[in-house]
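*Asks:* Could you have a look at this structure, given as structure tokens, before my questions?
Residue numbers (the working numbering), protein chains in the order written: chain R, 339 to 511; chain C, 21 to 285.
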């Protein structure tokens, strides 16, 4: 009976895990595929540790006013390693969230962020997907891209339509 | 139909009983009304008590007059049931065969109304994770701005209809690069609005009588898939899927009666 139980347990364990692994694998692949694009289409990318999160309230936005009101979330982060942009110890950046999207999923911990600079030289998250998990394979890819930029094997997309920080992609400022 | 039953905590048997006029439940058409009995544990007791409410807890957030999936309250006296014995049915725009023929993906999009986020951090509705997969997004949590899933929802609808979504479909603004741009939106077109740090994307299903408002079916609208009313001016771009002819389409006008019926204030 015990042997039967063990067989059932092993069967369930092995029959379930590949599917879950598959899901995780595809998520990891999706994130890995985004690293290069994120770095090349923004102004600053670094591995950071979020140390402070401050909800600043509703941002002034001439087009939104009370409709689709934006909430500004200000992050203060320690920089662990930078891949693009000025070397610095800490950074402040903002995330603009529509009220209806809620504040329950704010960023925490260690992650890779790619940021744009606005007219006032403030950093902000340009869109969804500019945050990546701090997984080894992603960090390695980011380091490689940093080297390739330095060696001029890769160039930033500042002049093409994919650049995330140009006004027509930012929307009203 | 199974999905509708599950979404509303009902069963096919109960829905069949409540809709004797519909011979084949698998053949319901877009725009057709359906009575969905509320699960027994949600039925109010007679003789007092607060009447249960449906839909949004905060109907005015973002200034959007939002249509939840539960709107029309129907009463069928022939069964002797009280009005409150029924869940309001899903509000669906009145469309004709021409609309659905020109935008066949809308059938699937309408079928997703009611899919909502799972509350709490690091949790996600498995359905929304399927949307993420369609857009190749790596998120594991369906809440918050960084996991906004409107683009992923549109990607899933397109993919299920054998239409290749745009690259980086999880970003709303990327949908500007999809298919063909159109000047005048038609039923089923994809609308995009931009803002600093993001944007929103949804399917258009109609306009108000005065033409100043659009009715948009989208994901992540009050944390769920639903039809919401937006000012026309906030939508900067409309696109139509490749290999589909937008010139044959039109945009239904929703009557004043329909708008009022849709509100859950």
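C-beta: ideal position from N, C-alpha, C; glycine also. Bear in mind that the values here come from a model prediction, so they are computed numbers and not experimental data.
Could you work out which residues of chain R lie near residue 156/C, taking near to mean beta carbons separated by less than 9 Å?
*Replies:* What residue 156/C touches in chain R: 364, 367, 368, 371, 372.
*Asks:* Going by C-alpha distance, which of 212/C, 172/C, 264/C is nearest residue 122/C?
*Replies:* 264/C
*Asks:* Got a sec, what are the start and stop residues for the alpha helix (DSSP H) residue 446/R sits in?
*Replies:* No alpha helix (DSSP H) holds residue 446/R; DSSP gives it neither H nor E.
*Asks:* Would you say residue 377/R lies against chain C (beta-carbon separation less than 8 Å)?
*Replies:* For residue 377/R, the nearest beta carbon of chain C is not closer than 8 Å to its own beta carbon.
*Asks:* For residue 428/R, I'd like the list of residues in its chain whose CB is within less than 7 Å of its CB, leaving aside the five on either flank, ordered along the chain.
*Replies:* 414, 415, 416, 417
*Asks:* Can you name the residues of chain R whose CB is closer than 7 Å to the CB of residue 232/C?
*Replies:* Ordered by position in chain R, no residue passes the 7 Å Cβ test against residue 232/C, which lies about 13 Å from the chain.
*Asks:* Suppose you measure from the CA of residue 170/C to the CA of residue 450/R; what does that come to, to the nearest Å?
*Replies:* About 23 Å.
*Asks:* Hey, how far is the Cα of residue 503/R from the Cα of residue 432/R?
*Replies:* 14 Å
*Asks:* Shortest alpha-carbon distance to residue 426/R belongs to which of 462/R, 464/R, 385/R, 370/R?
*Replies:* 385/R
*Asks:* How about the stretch 489-497 of chain R and the stretch 372-379 of chain R: do they share at least three Cβ pairs that are nearer than 8 Å?
*Replies:* Cβ pair count under 8 Å is three or more, so yes.
*Asks:* Answer yes or no: does any C-beta atom of chain C fall closer than 8 Å to that of residue 402/R?
*Replies:* With a pLDDT of only 45 at residue 402/R, under the threshold of 50, the placement of this residue in the model should not be trusted; the figure read from the coordinates follows. By this cut-off, residue 402/R is an interface position.
*Asks:* Using only CA atoms, which one of 201/C, 225/C, 261/C lies nearest to residue 235/C?
*Replies:* The option with the nearest alpha carbon to residue 235/C is 225/C.
*Asks:* Which whole-angstrom value is the C-beta distance of residue 255/C and residue 365/R, which I expect to be below 8 Å?
*Replies:* Wrong, their Cβ atoms sit about 31 Å apart, outside the cutoff.
*Asks:* Considering just the uninterrupted stretch of the beta strand (DSSP E) at residue 220/C, what are its terminal residues?
*Replies:* 218-228
*Asks:* Show which residues of chain D have a CB atom less than 7 Å away from the CB atom of residue 217/C.
*Replies:* Judged by its chain identifiers, the structure shown contains no chain D, and its protein chains are R and C.
*Asks:* Start and end of the alpha helix (DSSP H) containing residue 177/C?
*Replies:* 170-180
*Asks:* At the level of alpha carbons, what is the spacing between residue 181/C and residue 476/R?
*Replies:* Distance between the alpha carbons of residue 181/C and residue 476/R is about 33 Å.
*Asks:* For residue 489/R, count neighbouring C-beta atoms within 10 Å of its own C-beta (all shown protein chains included) and say buried if the count is 16 or more, exposed if not.
*Replies:* Under this definition residue 489/R is an exposed residue.
*Asks:* Which first and last residues belong to the beta strand (DSSP E) in which residue 215/C is found?
*Replies:* 210-215
*Asks:* For residue 129/C, report the span of its alpha helix (DSSP H) as first-last.
*Replies:* 125-131
*Asks:* Name the DSSP bridge partner or partners of residue 251/C?
*Replies:* 233/C
*Asks:* According to DSSP, is residue 272/C helix, strand or coil?
*Replies:* coil
*Asks:* Use the C-beta contact count for residue 126/C: other C-beta atoms within 10 angstroms, 16 or more gives buried, fewer gives exposed.
*Replies:* Looking at its Cβ environment, which holds 16 or more other Cβ atoms inside 10 Å, residue 126/C is buried.
*Asks:* Should residue 267/C go down as buried or exposed, given a rule of 16 or more other Cβ atoms within 10 Å for buried?
*Replies:* exposed
*Asks:* In the structure shown, what three-state DSSP assignment does residue 146/C receive?
*Replies:* helix
*Asks:* Is the Cβ of residue 85/C closer than 8 Å to any Cβ of chain R?
*Replies:* Confidence at residue 85/C is low in this model, with a pLDDT of 37, below 50, so its placement is unreliable and the value that follows should be read with caution. Chain R contact via Cβ: absent.
*Asks:* Verify whether the separation of the beta carbon atoms of residue 199/C and residue 124/C is less than 8 Å.
*Replies:* no
*Asks:* Using the rule of at least 16 other Cβ atoms within 10 Å of the residue's Cβ for burial, across every protein chain shown, is residue 148/C buried or exposed?
*Replies:* buried
*Asks:* Anything in chain C within Cβ reach of residue 408/R, meaning under 8 Å, just list it in chain order.
*Replies:* 215, 216, 217
*Asks:* Grab me the residues of residue 211/C's own chain with a C-beta within less than 8 Å of its C-beta, minus the 5 sequence neighbours each way, in chain order.
*Replies:* 205, 221, 222, 223, 224, 234, 236, 255, 257, 258
*Asks:* What residues match up with residue 471/R in a beta bridge as DSSP calls it?
*Replies:* 449/R
*Asks:* What is the rounded straight-line gap between the Cα of residue 196/C and the Cα of residue 115/C?
*Replies:* 26 Å
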